[in-house]
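Taken in order, these protein sequences are the chains called A and B. Each residue of the first sequence is one higher than the one before, counting from 1 in my numbering. Each residue of the second sequence is one higher than the one before, counting from 1 in my numbering. Glycine included, every Cβ here is placed at the ideal spot set by N, Cα and C. Computed from a predicted model, the values in this text were never measured in an experiment. Some notes on the structure that comes next.
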Amino acid sequence: MTRPGFSRSLSFPWHLPLALALAFPFLVLFVRGLPHFPSTGRDLDVILFSLVLAGLGTLLTLFLALNLAVLGRAGRVAGGWEALLLLGYLVPPFVTGMGLLFSLGTLGVRIQGVPGILLAWTLHYAPLAYLLLKPQVGLALGLLTTARVHGATGLRALRAFLPPLFPPLLVVGGTLYLALLGNFGVPAVLGLPERVYVLPTLAYARLLSPVAQDPLGEAAALGLWLALLALPAVLLTQNPLLEAKEPLLPPSRPLYRLLFALYSVAALALVLLGLLREALQNPYTGRWDPAFAQALGLPLVQKGLRNSLLLALVATGLLLLLGLALRPFPRLSKGIRGVLDIHYLLPGTLLGVGLILLLAPTPLYGTPWLLLLAYLLHFAALALRALEGGPGVEGAVLAGRVHGLSPGRAWWRLGYPLLLPYLYAGALLIFPLAFAEITLSALLYAPGAETVGVAVLSALNGGLYREASALGLILMGVAALALLGRPR
Amino acid sequence: MKRLLILAGMALSVGLAQGGTLTLYTSEILADVNALVGAFRAQNPEVQVQVFRSGTGEVVAKLRAELEAGNPQPDLLWFANEDFLRELAGKGLLRRIPPTVPGYPVQFAHGGGLYYEVRLLYNVIAVNTQRVREVPASWRDLLKPPFPSLLAMPDPNFSGAALATLGTLSQRLGFGFFETLRAGGMRIEQSNPVLQQKLARGEYGLAITTDFGVRQEVAKGAPLATVYPRDGAILVPTPIAVTSWSKNPELATRFLLFLLSPEAQRLFTERGYYPVMPGAPKPKGSPPQVVGIRARFADPETLSRFNALFGLRR
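This is the structure in structure tokens:
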């Protein structure tokens, strides 16, 4: 089958040189890490454990998100409740971990180690998976309704419902798996006291190790393992299967809406309870003592808010434009996404080190542009992945072509409008991540041009946990406004 | 003629440097650095000071990568990793500044002025007074039950201060000290700040951690107390140095010496640190006299033993 659009004019494999150019920061690390690769044999247990834990977390999160998506679509959940669900995703995972720890501590429950990490991951990433799965679940529910109309019930109805969801589940699972595999914050807070190590925490420990002969090289070698473990997710591709235009949804179920709302409130409360208590109340004296004024009064915060807002807006905008520009060329897009996935996965510290090795001798170094470049490289995979969705887009463009539209006009008039919800999901996915990004900016920000992430980190390192909590809540508040104002 | 031009160029660059830019790489708390930079700039308004502040690990990783790429940026280095400074000094990458400030204790100018302590920080026993009524008075007291089961310390693979605890105490009390603590249930946290937050909220009763951070939490009302052990609180080195590649060594030296001035020492005290200059006031709520022992960082062998004992990775 020929693909609609411009594919025919792209017989030259453009993605190869492009991917190679994009891979440079990783190649630098590869060269540094390779001599130490054999010695990573002693870390085989951590490598396997990272794989299993990220896999398990992915399955749990997918299961939860799929249920939420069904509840949300079948219950016709409105913007407000959905925004509530998504809020939890907008604090940095590190803050989620601490919030969860203190919330459950208030309730007298001590959660650490593997269960703690899995719980924090599931709570934190389920909203993201929900957002990515929702359009597909809507279409599958339409099929379910059709099947029911034709008399299919029970298992047979499920057989109509589930198979069309497998491809999107695989793709969303790939995104989740990459996010969990590369996550540092949650295992750092909840794993280390129980001596639970994953590759990012181990790589970081090695980078700082007082006894390593070559800290950069040894940490880079673990980065190579992360890239290897990422391969299955990187290779996942999606074939658009569903062509339905308007989903034929089953009648609205208030019970589903209630369940959805209950989960949203409970999940948010579990994280927020601890953060709110920290931010509003002196945890020692129990006195009402909001820390917001102190947080906003920190010398860094205002500058950080401004810089991060600007950086995140520019990065999100550029990446989504890039994603749209590449969308008509699936082969090119998937080719370079393979490289970009690795950049998304590498712990920020390692990507940062690669960029320094590569760019320190250039005039770019020490300017805010370096951080923008790092954000673009780090988050580009998300933009491409978000826009890879959109079943029916190819068909619509093909129809336009049959009716005589040029490829450009067919995409402009038919393809891109169908991608709008995916564009929105992509923006919602990337903007908060870029806005509250910590590890890349901790290494690469231009002296004097701090980001919010640097401010949060600085507050945490200075023992200002209450201010960091308040800052987390402020970030959520800002994001909540954006969520409430989103198109339906 | 050529020589004259070069000389003129050098003179010009020195002249420009007087009103130049300083770049400081540090792991100090940013609010503290900003206050010090502000005070320095009030006296030297023509000097721009650019601060890159991050965790010690990030600062060291960044500098290592910059050195490898052949374009190191900072004029001044200030972080809690004496080993790395020693490594740099060994390669001739630090500029020696003779310790000529009257009254400055010369033992804090390492290697005859390769790097300086500008204020002091101790590892002490921190106590959550709501969980522990009877307080240990010495390091050895920590071995008495039930103390080990209430105790935590930061991971020496992450924290330079903890590496100092491990090296110093295993040398003085033998490695068996840590074996007994482990058998009694001592736990390991990632960093001092995380440990102090958990201690303050009662997750632990006792911690081996830095005095300065505990004092800050006490000021916010945390039920914490610091115990400076009878047998000596561990003095954690957090030195500052001028780099050999600095294009503004005179300015960098001026900044370093400013940190020893009465004004800077007063700023340190206000922020809970012990001043390094004799006669400067002591921080609020701290004992006037501290028995300090010089930290000894754990060697790779000791650290490996510790890691094996606690199941830690590096």
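**Asked** Looking at Arg140 of chain B and Asp231 of chain B, is the spacing between their C-beta atoms short of 8 Å?
**Response** Locating residue 231 of chain B in the second sequence gives position 231, counting from the first residue. Locating residue 140 of chain B in the second sequence gives position 140, counting from the first residue. Asp231 of chain B places its beta carbon less than 8 Å from that of Arg140 of chain B.
At the 8 Å Cβ level, is Glu179 of chain B part of the contact set with chain A, yes or no? One-based indexing of the second sequence puts residue 179 of chain B at position 179. For Glu179 of chain B, the answer is no, since every Cβ of chain A falls outside 8 Å of its Cβ.
Notebook entry, point to check: What whole-angstrom Cβ distance do Phe431 of chain A and Ala279 of chain A have, given they're in contact under 8 Å?
Noted result: Sequence index remark: in the first sequence, residue 431 of chain A carries index 431 (1-based). Sequence index remark: in the first sequence, residue 279 of chain A carries index 279 (1-based). No, Phe431 of chain A and Ala279 of chain A are not in contact; Cβ-Cβ is about 23 Å, not under 8 Å.
Looking only at C-alpha atoms, which of A:Ala427, A:Leu107, A:Thr122 sits nearest to Pro114 of chain A?
To locate residue 114 of chain A, count along the first sequence from 1; it is residue 114. In the sequence under discussion, the amino acid at residue 114 of chain A is Val, which differs from the Pro named in the question. The shortest Cα separation from Val114 of chain A among A:Ala427, A:Leu107, A:Thr122 belongs to A:Thr122.
* To do: Note down the Cα distance separating Leu257 of chain B from Ala89 of chain B, rounded to an integer number of angstroms.
  => For the purposes of this step, residue 257 of chain B is identified with residue 257 of the second sequence, where counting begins at 1. For the purposes of this step, residue 89 of chain B is identified with residue 89 of the second sequence, where counting begins at 1. Distance between the alpha carbons of Leu257 of chain B and Ala89 of chain B is about 19 Å.
Counting Cβ pairs, one atom from each stretch, are 3 or more of them under 8 Å apart for the region 138–153 of chain B and the region 94–109 of chain B?
no
Item checked: Burial state of Leu169 of chain B (16 or more Cβ within 10 Å) -> On the second sequence, position 169 is the one that residue 169 of chain B refers to. So Leu169 of chain B ends up on the buried side.
* To do: Taking the CB atoms as reference points, tell me whether Leu22 of chain B and Val49 of chain B lie closer together than 8 Å.
  => To locate residue 22 of chain B, count along the second sequence from 1; it is residue 22. To locate residue 49 of chain B, count along the second sequence from 1; it is residue 49. Cβ atoms of Leu22 of chain B and Val49 of chain B: closer than 8 Å.
field: is_contact[Asn67 of chain A, chain B] using C-beta, thresh 8 Å
entry: Residue numbering aside, residue 67 of chain A sits at position 67 when the first sequence is read from its first letter. For Asn67 of chain A, the answer is no, since every Cβ of chain B falls outside 8 Å of its Cβ.
Taking all protein chains shown into account, do 16 or more other C-beta atoms lie within 10 angstroms of the C-beta of Pro193 of chain B, making it buried, or fewer, making it exposed? Taking the first residue of the second sequence as position 1, residue 193 of chain B is located at position 193. Flag for Pro193 of chain B reads buried.
**Message:** Tell me whether the region 156–174 of chain A and the region 220–227 of chain A touch, counting them as touching only if at least three CB pairs, one residue from each stretch, are closer than 8 Å.
**Reply:** no
Subject >> 3 or more residues per run - each beta strand (DSSP E) lying fully within the region 37–76 of chain B >> reply: 48–53
**Request:** Identify every residue that forms a DSSP beta bridge with Thr243 of chain B.
**Result:** Taking the second sequence and counting its residues from 1, the one referred to as residue 243 of chain B is at position 243. Its beta-bridge partners are B:Leu94.
Requested in this report: Give the DSSP bridge partners of Leu22 of chain B, in chain order.
Outcome: Here residue 22 of chain B corresponds to residue number 22 of the second sequence, with the count starting at 1. Looking at the DSSP assignment, Leu22 of chain B forms a beta bridge with B:Val49.
- prompt: What residue range is occupied by the uninterrupted alpha helix (DSSP H) comprising Gly448 of chain A?
  reply: Along the first sequence, read from residue 1 onward, the residue named residue 448 of chain A stands at position 448. Gly448 of chain A -> no alpha helix (DSSP H), and no H or E assigned at all.
task = Can you tell me which of the three DSSP states Thr362 of chain A falls into?
result = In the first sequence, residue 362 of chain A corresponds to position 362, counting from 1. Residue state, collapsed to three classes: coil.
Give the straight-line distance between the Cα atoms of Pro330 of chain A and Pro421 of chain A, rounded to the nearest whole angstrom.
Along the first sequence, one-based indexing puts residue 330 of chain A at 330. Along the first sequence, one-based indexing puts residue 421 of chain A at 421. Pairing Pro330 of chain A with Pro421 of chain A, the inter-Cα distance amounts to about 19 Å.
Using a C-beta cutoff of 8 Å, does Arg206 of chain A count as contacting chain B?
In the first sequence, residue 206 of chain A corresponds to position 206, counting from 1. It does: the Cβ of Arg206 of chain A has a partner Cβ on chain B nearer than 8 Å.
Every unbroken alpha helix (DSSP H) within the region 222–274 of chain B, with a cutoff of 4 residues, ordered by chain:
249–258, 262–270
Going straight from the alpha carbon of Gly426 of chain A to that of Leu321 of chain A, what length do you get?
For the purposes of this step, residue 426 of chain A is taken as residue 426 along the first sequence, with counting starting at 1. For the purposes of this step, residue 321 of chain A is taken as residue 321 along the first sequence, with counting starting at 1. Using only the alpha carbons, I get a separation of about 11 Å.
How close, in whole Å, do the beta carbons of Leu77 of chain B and Thr243 of chain B come, if the pair is a contact with beta carbons under 8 Å? Working through the second sequence from its first residue, we reach residue 77 of chain B at position 77. Working through the second sequence from its first residue, we reach residue 243 of chain B at position 243. Sure, about 6 Å apart at Cβ, within 8 Å.
* Can you tell which of A:Thr58, A:Ala78, A:Leu364, A:His343 has the C-alpha that lies nearest to the C-alpha of Leu180 of chain A? -> Indexing the first sequence from 1 puts residue 180 of chain A at position 180. Among A:Thr58, A:Ala78, A:Leu364, A:His343, the Cα nearest to that of Leu180 of chain A belongs to A:Thr58.
Practice problem: For Tyr445 of chain A, I'd like the list of residues in its chain whose CB is within less than 6 Å of its CB, leaving aside the five on either flank, ordered along the chain. | Solution: If you number the first sequence from 1, residue 445 of chain A lands on position 445. Around Tyr445 of chain A: Leu371, Thr451, Val454.
What ranges does the alpha helix (DSSP H) occupy inside the region 369–444 of chain A, keeping only unbroken runs of at least 4 residues that lie completely in it?
The DSSP assignment places 393–402, 407–410, 416–435, 439–444 as complete runs of the alpha helix (DSSP H) inside the region 369–444 of chain A, in order along the chain (cut-off: 4 residues).
**Prompt:** So does the region 117–133 of chain A actually touch the region 78–96 of chain A, counting three or more Cβ pairs closer than 8 Å?
**Reply:** Output reads yes: the region 78–96 of chain A touches the region 117–133 of chain A.
Margin query: Would you say Ser209 of chain A lies against chain B (beta-carbon separation less than 8 Å)?
Written below: Stepping through the first sequence from its first residue, residue 209 of chain A is reached at position 209. So yes, Ser209 of chain A belongs to the interface.
- In chain order, what residues of the same chain lie with their CB nearer than 6 Å to the CB of Leu377 of chain A, ignoring the 5 residues before and after it? Position 377 of the first sequence, counted from the start, is the residue given in the question as residue 377 of chain A. Closer than 6 Å at the Cβ level, and outside the excluded window around Leu377 of chain A, lie His343.
Worksheet item: Can you tell me whether Lys245 of chain A is buried or exposed, with buried defined as 16 or more other CB within 10 angstroms of its CB?
Response: Within the first sequence, numbered from 1, the residue matching residue 245 of chain A stands at position 245. Unreliable placement is indicated for Lys245 of chain A, whose pLDDT of 48 sits below 50; the coordinate value is still reported in the next sentence. Counting the other CB atoms within 10 Å of its CB gives Lys245 of chain A a total below 16, which places it among the exposed residues.
Measuring straight from C-alpha to C-alpha, what distance separates Leu206 of chain B and Ala315 of chain A?
Counting from one through the second sequence, the residue named residue 206 of chain B turns up at place 206. Counting from one through the first sequence, the residue named residue 315 of chain A turns up at place 315. Whole-angstrom Cα-Cα distance: 45 Å.
Next item on the list: Taking only the alpha-carbon atoms, compute the straight-line gap between Arg294 of chain B and Leu235 of chain B and give it to the nearest angstrom.
Entry: Here residue 294 of chain B is taken as the residue at index 294 of the second sequence, counted from 1. Here residue 235 of chain B is taken as the residue at index 235 of the second sequence, counted from 1. Whole-angstrom Cα-Cα distance: 5 Å.
Just how far apart, CA to CA, sit Ala35 of chain B and Leu267 of chain B? Taking the second sequence and counting its residues from 1, one reaches residue 35 of chain B at position 35. Taking the second sequence and counting its residues from 1, one reaches residue 267 of chain B at position 267. Whole-angstrom Cα-Cα distance: 8 Å.
- [ ] Flag Val46 of chain A as yes if its beta-carbon sits less than 8 Å from any beta-carbon of chain B, otherwise no.
- [x] Counting from 1 along the first sequence, the entry for residue 46 of chain A is found at position 46. True, the Cβ-Cβ gap to chain B drops below 8 Å.
Supposed close pair Arg187 of chain B, Pro193 of chain A - CB separation, criterion 8 Å = Along the second sequence, read from residue 1 onward, the residue named residue 187 of chain B stands at position 187. Along the first sequence, read from residue 1 onward, the residue named residue 193 of chain A stands at position 193. So it is a contact: roughly 6 Å between Cβ atoms.
ask   = Does DSSP put Tyr122 of chain B in a helix, in a strand, or in coil?
value = Reading the second sequence from its first residue, position 122 is the one you call residue 122 of chain B. Note: Tyr122 of chain B maps to strand in three-state DSSP.
Practice problem: Check each candidate in B:Leu24, B:Lys91, B:Thr100, B:Leu85 and name the one with the smallest Cα separation from Arg260 of chain B. | Solution: Here residue 260 of chain B refers to the residue found at position 260 of the second sequence. Looking at the sequence itself, residue 260 of chain B is Leu, so the reference to Arg does not match. Nearest to Leu260 of chain B by C-alpha distance, out of B:Leu24, B:Lys91, B:Thr100, B:Leu85, is B:Thr100.
Query raised in the report: Any beta-carbon of chain E closer than 8 Å to the one on Leu94 of chain B?
Result: Of the protein chains in this structure, namely A and B, none is chain E.
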